């Protein structure tokens, strides 16, 4: 079993809340995490037809038979349970009584907000981070290998080749999750839409262009993107203004939670293809952003990252607001130090009095240059993104 960095946050919250809701992509390791925390929890998967039938036909009897402490996996399949869970939690003084697991954040949050608000703590478990893979001695120092493989645990535990894992993952996603979230009749068009999204990884989103290429309306684009976001396929990073007196870009950037999945959707079948691939820099940026997200989520705190770009082309890839200032992070796939990497950071230093400035890149040297810290991608966790 691979140790997960989120375990500390999970143990802490189990002492403070009657229920914990863990969401994340399908096969990110939620079930394994919950089953291995100890505490004598009984486990029930609501994807099992017999279990689901029992829960649907007799929710009170099902929960009575679940035991003192229990785990409900993919609980969004039986929304009737949430009202009965409210009664159980209200009548108990015990914390850490119930763990809810699900791969559909929209459905889970909708049901929880209606019935269990104030009784539940939230955690998001993403695929394995680089630090988790490194601790388990399951990764290399080759960034193209990391980008190509991604971080889904089963790919490592079962030694599955990415060219076999990801197409099956997408097929399962289309046939099971999409039908639950939306009544999308043409799954072929939707599958093509996901590939078109992968071609825009790390780019500012243009809804009209995406609609034209996909042959669908702008409103359908927005609806389908919300489905992909709710099921942890992709996410958006919003622009940041920071009280800068400039005209700022207002559209978000698009990223995938896992670069291995993005590579598969881009028809990359061997990691060596990445050496000259036209979106390699975008995939590297996606990797760094996702690693930063994992640091936050694994600590049980929400993301607070943005990007900055104005109408004159001044851009910083990642912006993080701090209690007493702001952190700017440039992300470059180059292995060579360059003054161009910090030109926008130096410009922004003149506009803000208290900044922390980093360049995350593929080089090995980690100097300070004009008070900008160059950091190798393997050492992302050295950037302290958690404010206490």
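In the numbering used here, the protein residues as written are 1307 to 1694. Even glycine gets a Cβ: it sits at the ideal position worked out from N, Cα and C. Note that the structure is predicted; figures quoted are calculated from it, not measured.
Where does the unbroken alpha helix (DSSP H) through residue 1603 begin, and where does it stop? 1586-1604
Between the C-alpha atoms of residue 1473 and residue 1570, what's the straight-line distance to the nearest angstrom? 7 Å
From the DSSP output, read off the bridge partner residues of residue 1633. 1626, 1662
Using the beta-carbon count (16 or more within 10 Å), is residue 1689 buried or exposed? That one is buried.
Report yes or no: do the region 1665-1674 and the region 1632-1646 share at least 3 C-beta pairs separated by less than 8 Å? yes
Classification of residue 1331 by the beta-carbon crowding that lies within 10 angstroms, buried from 16 upward: buried
Count the other CB atoms, across all protein chains shown, that sit within 10 Å of the CB of residue 1477; report buried if there are 16 or more and exposed otherwise. exposed
By alpha-carbon positions, which one of 1375, 1680, 1358 ends up nearest to residue 1399? Residue 1399 has its Cα closest to that of 1375, out of 1375, 1680, 1358.
Three-way DSSP call (helix, strand, coil) for residue 1563 in this model: It is coil, neither helix nor strand.
Does the structure place the region 1576-1590 close enough to the region 1453-1466 that three or more beta carbon pairs sit under 8 Å? yes
Evaluate contact between the region 1429-1448 and the region 1360-1378, counting only Cβ atoms and requiring at least three cross-stretch pairs below 8 Å. no
Is residue 1537 near residue 1458, with beta carbons less than 9 Å apart? no
Where does residue 1692 land, buried or exposed, given buried means 16+ other C-beta within 10 angstroms? exposed
Relative to the C-alpha of residue 1317, which candidate in 1622, 1403, 1422, 1562 has its C-alpha closest? 1403
How far does the beta strand (DSSP E) with residue 1408 in it extend, from its first residue to its last? 1404-1408
Secondary structure at residue 1445, three-state DSSP: helix, strand or coil? coil
With a 10 Å radius around its C-beta and 16 neighbouring C-beta atoms as the bar for buried, classify residue 1336 as buried or exposed. A residue is called buried when at least 16 other Cβ atoms come within 10 angstroms of its Cβ; residue 1336 meets this threshold and is buried.
Give the list of continuous alpha helix (DSSP H) stretches no shorter than 4 residues that lie fully inside the region 1483-1534. 1484-1487, 1493-1504, 1513-1520
Using 8 Å for Cβ pairs, my map puts residue 1605 next to residue 1315. What's the rounded Cβ distance? 6 Å between Cβ atoms; contact.
Distance check for residue 1633 and residue 1433, CA to CA, integer angstroms please. 25 Å
In terms of alpha-carbon separation, which member of 1361, 1343, 1342 lies closest to residue 1351? From the listed residues 1361, 1343, 1342, the smallest Cα separation to residue 1351 is found for 1361.
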